[in-house]
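Worksheet: one structure, shown below.
In the working numbering, the protein residues as written are 14 to 351.
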């Protein structure tokens, strides 16, 4: 039997969450799909759980030994002939209307090759009827973020199969944690992206990847490699200091120590000027994104309540009064929330 979509679910020793993940898949309001489970050498009870789900809608591709999620997913793509690939994750549950919302959106927006959604940290229930045009982020805004951050949540995606197959796109085995981000970045020139700004998926037990041994160290090493290569392709060979600034801006939460805000402003101005020359990202959207990053940096230093607020004001003097008003309102909101 032919289906319109293939739900691609990679698993490895996923017995704790797998049954719930599969239940969330088979309780979808949309039914024109099959499920391809890629078992990457599981040694726990994963196989026993999968044996409880028999029928033509579920197929298991099992590797006797672990070959890694990237290799397993790449191998599985040759098994998919459906129009759409809906990514699932062994740690992520889908709300009942997720597939319906994603397929409807892709059917109506033929120029879009990849669409994602927000991901929640706890149980949510969003219906397709809640999705309006105002809840969609379209290509320019997404493309503008790609140089600094991944705007698409892992395990939330629907992909038009033809975009992958016609251009031969595959995940890179150079990455363990950023393989999806790397793929979206490489796909930017050939397709358009969109994001539904509502949580259609949510974590079962939190993000398991961040709990892995040596995650912070390994992720940072990957990030350095990823951003350095892309900046060079963008036409900038960053100094070590500039690369650290870029890494800080990519994820302020993970930043160990924030430098003088003036340095970040200079770096963002350099990125903006380079894009003006290269036209690699949509100019207007890229400029707005950098402005948003600048405000995000201010919110971060305000939260830390450190002396860098003064340094920020020196750099952004033309907005001093609006910033002071923001600080006052922020302090009052903190006072009344206690």
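Here a beta-carbon is modelled for each residue, glycine too, at the ideal position from N, C-alpha and C.
Residue i and residue j closer than 8 angstroms at C-beta
i, j, result
"residue 149", "residue 114", "no"
"residue 23", "residue 106", "no"
"residue 96", "residue 44", "no"
"residue 382", "residue 184", "Given that the chain is displayed from residue 14 to residue 351, the structure contains no residue 382 and the question cannot be resolved."
"residue 236", "residue 191", "yes"
"residue 247", "residue 289", "no"
"residue 249", "residue 287", "yes"
"residue 272", "residue 258", "yes"
Reduced DSSP secondary structure (H/G/I, E/B, other) of residue i
i, result
"residue 8", "Past the boundaries of the shown model lies residue 8; the chain is included only from 14 to 351, so the question cannot be answered."
"residue 312", "helix"
"residue 261", "helix"
"residue 256", "helix"
"residue 136", "coil"
"residue 71", "strand"
"residue 291", "helix"
"residue 39", "helix"
"residue 247", "helix"
"residue 350", "Confidence in residue 350 is poor, its pLDDT being 44 and thus under 50, which makes the residue's placement unreliable; the coordinate value appears in the next sentence. Correct three-state label for residue 350: coil."
"residue 201", "coil"
"residue 344", "Here residue 344 scores only 48 on pLDDT, less than 50, and its place in the model should not be relied on; the value that follows carries that caveat. In the structure shown, residue 344 sits in a helix (DSSP, three-state: H, G or I)."
"residue 108", "coil"
"residue 182", "coil"
"residue 59", "helix"
"residue 237", "helix"
"residue 162", "coil"
"residue 15", "coil"
Proximity to residue i [Cα-Cα], best of the options
i, options, result
"residue 212", "246, 109 and 69", "109"
"residue 210", "165, 55 and 243", "165"
"residue 147", "189, 256, 296 and 207", "207"
"residue 47", "61, 98, 62 and 59", "98"
"residue 205", "162, 188, 154 and 179", "154"
"residue 306", "282, 169 and 175", "282"
"residue 276", "284, 260, 289 and 255", "255"
"residue 267", "125, 117 and 232", "232"
"residue 264", "313, 300, 238 and 138", "313"
"residue 151", "293, 180 and 124", "124"
"residue 27", "41, 58, 39 and 178", "58"
"residue 217", "35, 15 and 16", "35"
"residue 88", "311, 301 and 181", "181"
"residue 79", "72, 65 and 55", "55"
"residue 252", "280, 274, 137 and 93", "280"
"residue 142", "167, 111 and 311", "111"
Identity of the residues DSSP links to residue i by a beta bridge
i, result
"residue 206", "127"
"residue 171", "99 and 128"
"residue 48", "20 and 71"
"residue 53", "76"
"residue 4", "Residue 4 is absent from the model: the chain starts at 14 and stops at 351."
"residue 216", "105"
Rounded distance between the beta-carbons of residue j and residue i, thought under 8 angstroms
i, j, result
"residue 116", "residue 32", "That belief does not hold up - the Cβ atoms of residue 116 and residue 32 are roughly 25 angstroms apart, past 8 angstroms."
"residue 20", "residue 101", "5 angstroms"
"residue 214", "residue 140", "At roughly 14 angstroms, the Cβ-Cβ gap does not stay under 8 angstroms, so residue 214 and residue 140 are not in contact."
"residue 260", "residue 240", "7 angstroms"
"residue 72", "residue 49", "5 angstroms"
"residue 262", "residue 161", "6 angstroms"
"residue 243", "residue 194", "Not really, about 10 angstroms apart at Cβ, beyond 8 angstroms."
"residue 51", "residue 186", "The pair is not a contact, with the Cβ atoms about 15 angstroms apart (cut-off 8 angstroms)."
"residue 126", "residue 93", "Residue 126 to residue 93, Cβ: 15 angstroms. No contact."
Within-8 angstroms CB hit, residue i to chain D
i, result
"residue 23", "Of the protein chains in this structure there is only one, and it is not chain D."
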